[in-house]
Each structure stands twice: as structure tokens, then as C-alpha cells.
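Chemist: Counting in the numbering used here, the sequence shown runs from 543 upward without gaps.
A virtual CB, placed ideally from N, CA and C, is assigned to each residue, including glycine.
None of the values given here were measured: they were computed from a predicted structure.
Could you have a look at this structure, given as C-alpha cells, before my questions?
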Amino acid sequence: MDVVLLGLYEQRIYRLLERDSRLSRATLSRLPNDLRRVATDFLTAHRELYRLTPPIRVSAIRVGFPRPAAELLDDYREAQRRFGVPWNVLAAVNFVETKFGKLRSSSAAGAQGPMQFMPATWRRYGLGGNVHDAHDAILGAANYLQESGVPRDLRRALHHYNPSSSYVDAVLRYARRIGADRTRFFGLYNWQVFVKTPSGDRRVTGPGIP
Numbered sequence: 543m544d545v546v547l548l549g550l551y552e553q554r555i556y557r558l559l560e561r562d563s564r565l566s567r568a569t570l571s572r573l574p575n576d577l578r579r580v581a582t583d584f585l586t587a588h589r590e591l592y593r594l595t596p597p598i599r600v601s602a603i604r605v606g607f608p609r610p611a612a613e614l615l616d617d618y619r620e621a622q623r624r625f626g627v628p629w630n631v632l633a634a635v636n637f638v639e640t641k642f643g644k645l646r647s648s649s650a651a652g653a654q655g656p657m658q659f660m661p662a663t664w665r666r667y668g669l670g671g672n673v674h675d676a677h678d679a680i681l682g683a684a685n686y687l688q689e690s691g692v693p694r695d696l697r698r699a700l701h702h703y704n705p706s707s708s709y710v711d712a713v714l715r716y717a718r719r720i721g722a723d724r725t726r727f728f729g730l731y732n733w734q735v736f737v738k739t740p741s742g743d744r745r746v747t748g749p750g751i752p
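Here it is as C-alpha cells:
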């Protein structure tokens, strides 16, 4: 079966469990220990991020194709070598912010690009690059996180990136799973963009979407 379709099935299962705490508890209790820990991290992270996300009008949503997964991995590793930020943390930030660049809209606050930089922050840490270019944005994010506390205090650095303990916790949960098993990165890469709108959640990328 197509890996993109498998990713969508996986995503839909998680979304069903997120909405039904009774079903979620019953399902988690029946999983093997390793898989239960992964599923718990994914469910908890998504719930935390969903609470932080304001509704957005469908007309304001812009999407596009992400940079190929192998090229993103090269970018994360280059950034790790240059700035000491773990590659899996950069991947988790990229996933949380824009699903690896699939979501192209600016945030309600005006953050831009695949790593979602405010213009003033980009001018300071973007190394003269293009905020909408994935390679440049990843290096800029690593530069910013290093200046904000990596490697001394990763949690503090992420809090500078987005001053929310829920955001920090969610990024670290995804990063832990990506770092423990690189195939999780490829799995998440094939997840689609669901956005919270005033009339409910809506999928805007993936199979069946023009």
C-alpha cells in the first residue's frame, strides 16, 4: 500500500483516539509497551498543540509540496554540525510548525516560512537567507536555538522559540520518538495538514485533495 495513504490512515487513527478518551485508554492498555509509549507521546503532543492553535479561515490557508525528506535530513544534520542543535529537535520543530513545509500560510502573528520566523527574529538570526527556503530556515532556526541556550538548556531554548510549556513539551515528545527511530521521521513526513477552522477541522493536503 502507498506510504502516503498508510500515513493518512495512521493519522486518522490518532485523531479518533484524541477525540475519545475512553477509547484511547482502552486502546493504549492493549498495546505492547514500546508502541504504547510512542502512541502516548503522539497523542499527548497533538492534544497540547491543538489547544494552542486558534481557528483559521479556509481562505487564508496556503499549502505546497515539502522539500524531499532526504534533503531535509541533510539540512538538519548540517545545522547540527554547525550549531550543535540535535537534528531530531530541528525535525520536530519543522513538523510542528508547518508539517515539514506543507503549510505555507503565515501565522496569525505574522510568522513566516517552514520554521515560522517572525520578521524581526529572522533578520537577526536568519544568516542573510530566505525565510521561505527550507535549508535557510533550518539553519536559521538552529542559529536561534543555539543563541537561546542549546546545548546548555534545550527546554529553555525552545521556550524562546515559542513561549509555551505545552509547545516545548510537544516538540520534545516528537523529537524523542524521531531520535529513537529514524523511520518515525519518514512516517511523520507523510502525515497531512489538518487545520482548525471556525466550522471544524479540515484536511487540506493529501490523497483526494486537488
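#1: Pair every Cβ in the region 577 to 590 with every Cβ in the region 609 to 628, then say whether three or more of these pairs are closer than 8 Å.
#2: With a cut-off of 8 Å, does the C-beta of G606 fall near any C-beta of chain C?
#3: Which parts of the region 548 to 577 are runs of the beta strand (DSSP E), unbroken and 3 residues or longer, counting only runs that do not cross its ends?
#4: Okay, do the region 592 to 603 and the region 642 to 651 touch, 3+ Cβ pairs below 8 Å being the bar?
#5: Below 7 Å CB to CB, which residues in the same chain sit around L559 once its five sequence neighbours on both sides are set aside?
#6: Output the distance between the C-alpha atoms of L573 and A581, rounded to the nearest integer angstrom.
#7: Excluding five sequence neighbours on each side, which residues of the same chain lie with their C-beta closer than 6 Å to the C-beta of D617?
#8: Compute the Euclidean distance between the alpha carbons of Y703 and A722, then round it to the nearest angstrom.
#9: From E552 to G750, what distance separates their C-alpha atoms?
#10: Quick check: H655 and Y667, are their CB atoms within less than 8 Å of each other?
#11: Considering Cα atoms alone, identify which of Q658, W629, A621, L591 is closest to Y709.
#12: Around the Cβ of L547, are there at least 16 other Cβ atoms within 10 angstroms (buried) or fewer (exposed)?
Modeler: The structure says:
#1: Result no; under three Cβ-Cβ pairs closer than 8 Å.
#2: This model lacks chain C altogether; it includes just one protein chain.
#3: Runs of the beta strand (DSSP E) inside the region 548 to 577: none found.
#4: Output reads yes: the region 642 to 651 touches the region 592 to 603.
#5: Stepping through the sequence shown from its first residue, residue 559 is reached at position 17. So the list reads L565, S566, T569, L585, once near-sequence residues are dropped.
#6: Position 31 of the sequence shown, counted from the first residue, corresponds to residue 573. Position 39 of the sequence shown, counted from the first residue, corresponds to residue 581. Their Cα atoms are separated by approximately 9 Å.
#7: Locating residue 617 in the sequence shown gives position 75, counting from the first residue. Only H677, I680 meet the Cβ criterion.
#8: Against the sequence shown, residue 703 aligns to sequence position 161. Against the sequence shown, residue 722 aligns to sequence position 180. Approximately 23 Å, taken between the alpha carbons.
#9: Here residue 552 refers to the residue found at position 10 when the sequence shown is read from its first residue. Here residue 750 refers to the residue found at position 208 when the sequence shown is read from its first residue. Cα-Cα distance, rounded: 16 Å.
#10: Here residue 655 is taken as the residue at index 113 of the sequence shown, counted from 1. Here residue 667 is taken as the residue at index 125 of the sequence shown, counted from 1. According to the sequence shown, residue 655 is Gly rather than His. It is not a contact, given that the beta carbons lie outside the stated cut-off.
#11: For the purposes of this step, residue 709 is taken as residue 167 along the sequence shown, with counting starting at 1. Ranking Q658, W629, A621, L591 by Cα distance to Y709 puts L591 first.
#12: For the purposes of this step, residue 547 is taken as residue 5 along the sequence shown, with counting starting at 1. With fewer than 16 other Cβ atoms within 10 Å, it is exposed.
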